[in-house]
Amino acid sequence: MNKNGAPLLGDSRDLFRPKTSDIPAQPGVYKWRDGEGRVIYVGKAKNLRNRLTNYFQPLYQLHPRTQTMVLTARSLEWTVVGTELESLTLEYTWIKEFDPRFNVVFRDDKTYPYLAISSAERVPRVWVTRSRKRRDTRYFGPYAKVWDLRHSLDRLLKTFPVRTCSQNVYHKAEVTRRPCLLASIGKCSAPCVGRISAAEHRKMCEQLVGVLTGRIGKSYIAQLTREMKEASAELEFEKAARLRDQIQMLSTVVEQNAVVFDSDVDADFFGVESDELEASVHAFYVRAGSIRGERNWSVERVEDVTDEELIADLIVQVYSETAGDTSNVSQSTVVTEQRNAIGSTQTVTATDALARAQATRERNERQGQTGRADLLAPISPVPREVIVPIEPARREELESWLSGLRGGAVNIRTASRGGKKQLLDRANDNARQAMQRSKMSRISDMGARTTAMNDVAKALGLEQAPLRIECYDISNTVGGAFQVASMVVFEDAIAKKSEYRRFAIRGADGQGALDDLSALYETLTRRFRHGNIAGDSGESMDNERRASEQGEEPSVQQNINRHHFAYKPNLVVVDGGKPQVMAAAKALEDCGVDDVAVCGLAKRLEEVWVPDDDYPIILKRQSEGMYLLQRVRDESHRFAITYHRQTRRKGALRSALDDIPGVGEAYQKRLLNHFGSVRAMREANAEDFEQVKGVGKAKAEAIYQVLHARDGQRPTKDAVSPNSPKDGMD
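For the sequence shown, the working numbering assigns the number 243 to the initial residue and increments by one for each residue that follows.
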């Protein structure tokens, strides 16, 4: 295995090959870089995992040009987006920006299609274009496939028959008073000959714009979906098929593109994923409505700072690099750049108001001549807006400082809806991916794992490194309902999921423990009830429950199948502080286990507690030992929450029939088929239940009594006769 945990291939790809499970199965754009950090290839994928794994086949299976590219590369990075359209648009932008040597030809002679509406004309028209030269026209797009766009427009014209002809054709129809063919087939309302007034036609155009902007697009698609289902129910399958095709075409038109905005959008989007020790930050740089670059940082919390303070410190450090002044940089965080996808044109070029105005004027001239923005034009290093997931500390002070750097007003704000919120979510997704890759690289590094286990052994005073660590966590709702416990296992500082166990807490009355300490004591007692060997596997209580009902001594089968415990741990970790540690130590003592160390990790300040010690152990926040304990604790919490939610969902779906002895799934189906609902069963008498196939007199009486047990009394059969009053029954 290489450092990322991927199998070796025997060539230079082993230096950076990622583990397949670390690659997201989402749409995205990927970049290959050479040893000097230059981008040599940019590609897009509907599924990054499927596409990138193809590059790590044996060399003889790759095209010769692809062989040269992957052997030239020394790093691989990817950016997650929301849709295939976004990946295509971002790929186009970055190929123009970085000019990779292995990208042969990429649409240099044309741009993507747009849908244009001449809103400034007295009688507006709509058409498909690849140019954006007209200032009195509203453009929608860009779109990935012009064929789908034209067919979607054709479908839209059946509902909104607006004008599509050129000015010359329209004028000729006005003079001759003869409409064109589109008017005859119902795809134009013919305002040229007065079939509809200009005001009515403009209102129809506004409705069409509402569909394109999504304001009424989703509701219109929902209406078509209802019509399709009605047509299918009435066996009008041809009509339903036409509506289905129309819905698919419209989906192309109303699809949102979160990586392209209006040309006046200049903003930096910062996505953040953090825990108690570190954070990952991913930034998208949007200039003139297009993503011009991205950067990624790893942030270590040197001190105990909040997320608001962390974002404020990050903004200061990032833009201080631009200004060349680091005197204001805080020492509470350490920011390390992990990825820099900034092109040569995005250096500090348009720093003041004069240079920025000149760059804007040149960009507008370029767009007026070619219909597209010049992606090679210089940009301002400080935008008009800084979009962050949560409002940073000292926001007004930061805005004033950034405004001074830019030479104009700068706003720092959060995004709650629209395209900006979507792009901020993309940035958060990429920050989360980078965080996972960072943690996995630590886990895969054998040296780091050895250091982590030695750090823990030294801090706890253990004679040897804890090769097997078990961590326990309790999860329940308020009041102790659906109380469960989790046990996760780390061997050689790597999670071993085949050894995970989960426990349904029973308590003294079989309904769960009243507090977390009792639940933790019960869990560890069940785990270690047979000393150092093994205990209750936690998977099923059927054998013990059956033995208890028969008055026998409950027994636990050990080491006979894959569910047994492998061997005793070197260290037991519990999620919590001193009370939880004392409960765990008491459970081990009562089970006769005296050679297993116990500690607890308190989440608030990341303190390590050990039994019979009034003060916690403080590990360095950036130490490998702290990272290991934190990973173990977080994994046990995740596993407990997952099991708790599963148990709670099952509990919410329970039926009143589940409590009836002798009535299983088959009988429940028979009863529901016969009566229709549990409410109808509650209104029936015992004789009615005997009418169900397979239900005798004794079982009918048992069903009747259980269904009426909630009334606080057991009414007689006469009380539930169909002719008797129902007073007191509810």
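Using N, Cα and C, we set each Cβ at its ideal position, and we do this for glycine too. Just so you know, these numbers come straight off a predicted model, no measurement behind them.
Item	Value
Rank Ala699, Leu313, Cys422, Gly661 by C-alpha distance to the C-alpha of aspartate 253 and give the top, closest one.	Leu313
Return the Cβ separation of glutamate 536 and threonine 325 in integer angstroms, given the expectation that the two are a contact with Cβ distance under 8 Å.	That pair is no contact at about 18 Å.
For cysteine 447, which residues of its own chain have a beta-carbon under 7 Å away from its beta-carbon, when the five flanking residues on both sides are left out?	Ile359, Pro366, Val404
Answer with buried or exposed for isoleucine 629, where buried requires no fewer than 16 other C-beta atoms within 10 angstroms of its C-beta.	buried
Taking the alpha-carbon of arginine 863 as reference, which of Lys261, Gln872, Asp856, Ala362 has the nearest alpha-carbon?	Gln872
Quick one, which of Pro623, Lys739, Ala509 has its alpha-carbon nearest asparagine 653's?	Ala509
If you drop the 5 nearest sequence neighbours on each side, which residues of the same chain put their C-beta closer than 7 Å to that of glycine 818?	Gly842, Ala844
On the CB-based measure, 16 or more other CB atoms within 10 Å of its CB, does tryptophan 225 come out buried or exposed?	Lying outside 243 to 972, the shown extent of the chain, residue 225 is not represented and no answer is given.
Can you say whether phenylalanine 348 is buried or exposed, counting buried as having 16 or more other CB atoms within 10 angstroms of its CB?	Low per-residue confidence applies at phenylalanine 348: pLDDT is 42, beneath 50, and the placement is therefore not dependable, though the value from the model is reported in the following sentence. Classification for phenylalanine 348: exposed.
Using only CA atoms, which one of Val730, Arg744, Asn718, Tyr334 lies nearest to aspartate 757?	Asn718
State the DSSP-derived secondary structure class of histidine 916, mapped to helix, strand or coil.	helix
For the alpha helix (DSSP H) containing phenylalanine 931, list its first residue and its last residue.	928 to 931
Report the partner residues of glutamate 848 according to the DSSP bridge assignment.	DSSP output for glutamate 848 lists no bridge partner at all.
Under the three-state reduction of DSSP, which class applies to cysteine 833: helix, strand or coil?	coil
Ignoring anything shorter than 3 residues, give me the beta strand (DSSP E) runs that lie fully in the region 245 to 314, in order along the chain.	270 to 275, 281 to 287
Specify the secondary structure class of valine 370 as computed by DSSP and reduced to three states.	strand
Tell me the rounded alpha-carbon separation between glutamine 588 and isoleucine 489.	At glutamine 588 the pLDDT is 49, less than 50, meaning the model places this residue with poor confidence and gives no usable figure here.
Within 10 Å of its beta-carbon, does arginine 255 have 16 or more other beta-carbons around it, so buried, or fewer, so exposed?	buried
Reducing DSSP to helix, strand and coil, say where methionine 729 ends up.	strand
Between which two residues does the beta strand (DSSP E) carrying asparagine 976 extend?	Since the first and last residues shown for the chain are 243 and 972, residue 976 lies out of range.
Over what stretch of residues does the alpha helix (DSSP H) that includes histidine 413 continue unbroken?	409 to 418
What's the C-alpha gap between glycine 954 and glutamine 947?	In this prediction, glycine 954 scores a pLDDT of 45, lower than 50, which makes its location untrustworthy; no coordinate-derived value is stated.
Which residue comes first and which comes last in the alpha helix (DSSP H) that contains arginine 380?	Looking at the DSSP string, arginine 380 is not in any alpha helix (DSSP H); the run it does join, the beta strand (DSSP E), is 380 to 382.
For the region 867 to 885 against the region 689 to 697, do three or more pairs of beta-carbon atoms, one drawn from each stretch, fall closer than 8 Å, so that the two count as touching?	yes
Taking only the alpha-carbon atoms, compute the straight-line gap between aspartate 876 and threonine 767 and give it to the nearest angstrom.	23 Å
What residues match up with histidine 524 in a beta bridge as DSSP calls it?	Gly513, Asn538
How is valine 798 classed by DSSP in three states: helix, strand or coil?	Only weak support is given to the placement of valine 798: the predicted model assigns it a pLDDT of 36, under 50, and the value that follows is read from those uncertain coordinates. Correct three-state label for valine 798: coil.
Do the region 411 to 429 and the region 512 to 529 meet, that is, are 3 or more Cβ pairs less than 8 Å apart?	no
Using a Cβ distance threshold of 8 Å, determine whether the region 662 to 680 contacts the region 520 to 536, with at least three qualifying pairs required.	yes
Using the three-state DSSP reduction, which class does leucine 395 fall into: helix, strand or coil?	helix
Whole angstroms are fine: how far does the CA of tryptophan 274 sit from the CA of lysine 286?	12 Å
Would you say the region 467 to 479 touches the region 391 to 404, given that touching needs at least three Cβ pairs under 8 Å?	no
Roughly how far, in whole angstroms, is the beta-carbon of glutamate 849 from the beta-carbon of proline 858, given that I think they are within contact range, below 8 Å?	4 Å
Whole alpha helix (DSSP H) runs in the region 444 to 479 with 4 or more residues, listed along the chain?	459 to 475
When the distance is taken between beta carbons, is glycine 936 closer than 8 Å to arginine 921?	no
Go through its chain and collect everything with a Cβ distance to aspartate 276's Cβ below 8 Å, but skip five positions before and after it.	Ile282, Thr314, Ala315, Arg316
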